[in-house]
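**Q** First residue of the sequence shown: 1, per full-length UniProt numbering; consecutive thereafter. Beta carbons: idealized from backbone N, C-alpha and C, even for Gly. Got a structure here, written out as structure tokens. Questions coming.
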Amino acid sequence: MKNALTAYLVVAALATTLSAFSQQESAQPVTSTDAKAKTDAEQEKKASEWIASLNLNDAEKEKRLTNVVATHLKATRDWHNEHPASTVPAGINPVTGNPLSELDRQLIADSAIPASVHQSLMTGLQADLDKNQVNAVLDKYTIGKVAFTVNGYRAIVPNITPKEEETILGFLEQAREQAVDYKSMKEISAIFEIYKTKSEQYLNANGRNWRDMYNTYTAAIKAKKAADKK
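If you want it as structure tokens, here you go:
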């Protein structure tokens with residue numbers, strides 16, 4: 001009797017375990033699908049809001065543009081998620097000789113996204129929008145970093161010339177268009193750093209001293225803060 005009871009308990013426990021395992025296995029794809037649907041909806045909502053902010057008053061055009069942006073947002077998200085930093089072997093930065101950071105490796109992985117993803121975005125935007133409107137959409141991706149950074153240069157560079165400002169703006173617009181294909185704000189900021197360095201090299205090569213200007217600016221800010229406390 002005791003042996004029969006033991007056998008029964010073992011079989012029952014095994015059946016329960018197998019049932020739970022089976023439920024977990026069947027539930028997993030549903031959870032993954034649900035999560036994908038949720039993030040898809042978030043990207044579509046974001047795209048819709050960005051296009052709505054243009055006040056186009058043209059439902060068909062807004063629908064086309066929303067689809068263009070949402071498709072791009074999903075493509076960059078999927079590429080990023082499917083190509084983590086770990087897919088890039090550890091190594092060194094060939095310019096600095098320093099070990100590649102986690103961010104470096106993620107940038108390398110994400111930069112390999114097919115060019116067609118970016119081209120589809122730009123072609124779709126340019127088909128229905130003028131240059132300023134296209135820039136407004138790209139600013140949504142990059143949270144207005146172009147205007148913010150240009151204002152920083154205006155504050156730091158004494159008597160900045162129209163030529164200097166035009167050149168720096170050109171670099172930052174390149175940064176903005178390139179940065180839209182990256183998923184995280186850390187990556188977007190890193191792309192802008194590349195073009196900020198180009199801007200500072202341009203200033204140094206044309207009679208300015210970026211380090212001196214920056215130090216003078218920060219010293220003035222510190223002095224003002226100290227004076228305000230008195």
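1. Consult DSSP for Gln23 and reduce its assignment to one of helix, strand or coil.
2. For a test of the three-state rule: what should DSSP assign to Pro94, helix, strand or coil?
3. Find the nearest neighbour of Met213 within the set Lys225, Glu173, Thr161 and Ala155, judged by alpha-carbon distance.
4. Can you grab the Cα-Cα spacing for the pair Leu138 / Phe148, in whole Å?
5. Taking a contact to mean a Cβ-Cβ separation below 7 Å, would you say Ala115 touches Glu102 in this structure?
6. Do you know offhand how far Ala136's Cα is from Leu54's?
7. Can you list, in chain order, the residues of its chain whose CB lies under 7 Å from that of Trp210, leaving out five sequence neighbours each side?
8. Quick check: the region 176–195 against the region 214–225, are there 3 or more CB pairs under 8 Å?
9. Alpha carbon to alpha carbon, how far is Asp58 from Ala227? Give it in angstroms, no decimals.
10. Quick check on this structure: which residue in Arg176, Glu42, Asn93 and Ile51 has the alpha carbon closest to the alpha carbon of Val150?
11. Which same chain residues end up closer than 6 Å to Leu56 when comparing Cβ atoms and leaving out the 5 residues on each side of it in sequence?
12. Using the C-alpha atoms, what's the distance from Ile51 back to Leu125?
13. Please report how far the alpha carbon of Ala112 lies from the alpha carbon of Gly170, in whole angstroms.
14. Let's test the definition: count the other Cβ atoms within 10 Å of the Cβ of Asn60 and tell me whether it reaches 16, buried, or not, exposed.
15. Take the Cβ of Asp104 as the centre, count every other Cβ of all protein chains shown within 10 Å, and call the residue buried at 16 or more, exposed below.
16. If you draw a straight line from the alpha carbon of Glu193 to that of Lys186, how long is it in whole angstroms?
17. Just reading off the alpha helix (DSSP H) that Ser120 is part of, what are its end residues?
18. Using a 10 Å radius around the Cβ and a threshold of 16 neighbouring Cβ atoms, would you call Glu164 buried or exposed?
19. Distance check for Lys230 and Val134, CA to CA, integer angstroms please.
**A** Result, derived from the coordinates:
1. Against the sequence shown, residue 23 aligns to sequence position 23. Because Gln23 carries a pLDDT of 43, less than 50, the predicted location of this residue cannot be relied on, and no value is offered for it.
2. For this step, residue 94 is matched to residue 94 along the sequence shown. Looking at Pro94 - three-state DSSP - the assignment turns out to be coil, as it is neither helix nor strand.
3. Position 213 of the sequence shown, counted from the first residue, corresponds to residue 213. Nearest C-alpha to Met213: Ala155.
4. In the sequence shown, residue 138 corresponds to position 138, counting from 1. In the sequence shown, residue 148 corresponds to position 148, counting from 1. Distance between the alpha carbons of Leu138 and Phe148 is about 14 Å.
5. By 1-based counting over the sequence shown, the position of residue 115 is 115. By 1-based counting over the sequence shown, the position of residue 102 is 102. Going by C-beta atoms, Ala115 is not nearer than 7 Å to Glu102.
6. By one-based count along the sequence shown, residue 136 stands at place 136. By one-based count along the sequence shown, residue 54 stands at place 54. Answer to the nearest angstrom: the Cα atoms are 8 Å apart.
7. Indexing the sequence shown from 1 puts residue 210 at position 210. Same-chain partners within the cutoff: Glu200, Leu203 and Asn204.
8. no
9. Taking the first residue of the sequence shown as position 1, residue 227 is located at position 227. Taking the first residue of the sequence shown as position 1, residue 58 is located at position 58. Each residue's Cα considered, the two are about 53 Å apart.
10. Position 150 of the sequence shown, counted from the start, is the residue given in the question as residue 150. Ranking the options by Cα distance to Val150, first place goes to Arg176.
11. Translated into the one-based positions of the sequence shown, residue 56 becomes position 56. Correct list, in chain order: Glu62.
12. Numbered from its first residue, the sequence shown carries residue 125 at position 125. Numbered from its first residue, the sequence shown carries residue 51 at position 51. Leu125 and Ile51: Cα-Cα distance of roughly 10 Å.
13. Here residue 112 refers to the residue found at position 112 of the sequence shown. Here residue 170 refers to the residue found at position 170 of the sequence shown. Spanning the two alpha carbons is a distance of roughly 24 Å.
14. Here residue 60 refers to the residue found at position 60 of the sequence shown. In the sequence under discussion, the amino acid at residue 60 is Glu, which differs from the Asn named in the question. Under this definition Glu60 is an exposed residue.
15. On the sequence shown, position 104 is the one that residue 104 refers to. Asp104 comes out buried.
16. Counting from 1 along the sequence shown, the entry for residue 193 is found at position 193. Counting from 1 along the sequence shown, the entry for residue 186 is found at position 186. If you take the alpha carbons of Glu193 and Lys186, they lie about 11 Å apart.
17. Indexing the sequence shown from 1 puts residue 120 at position 120. It spans Ala115 to Asp128 - the alpha helix (DSSP H) in which Ser120 sits, taken as one unbroken run.
18. Within the sequence shown, the letter at position 164 stands for residue 164. That one is buried.
19. On the sequence shown, position 134 is the one that residue 134 refers to. On the sequence shown, position 230 is the one that residue 230 refers to. Straight-line Cα distance between these residues: approximately 47 Å.
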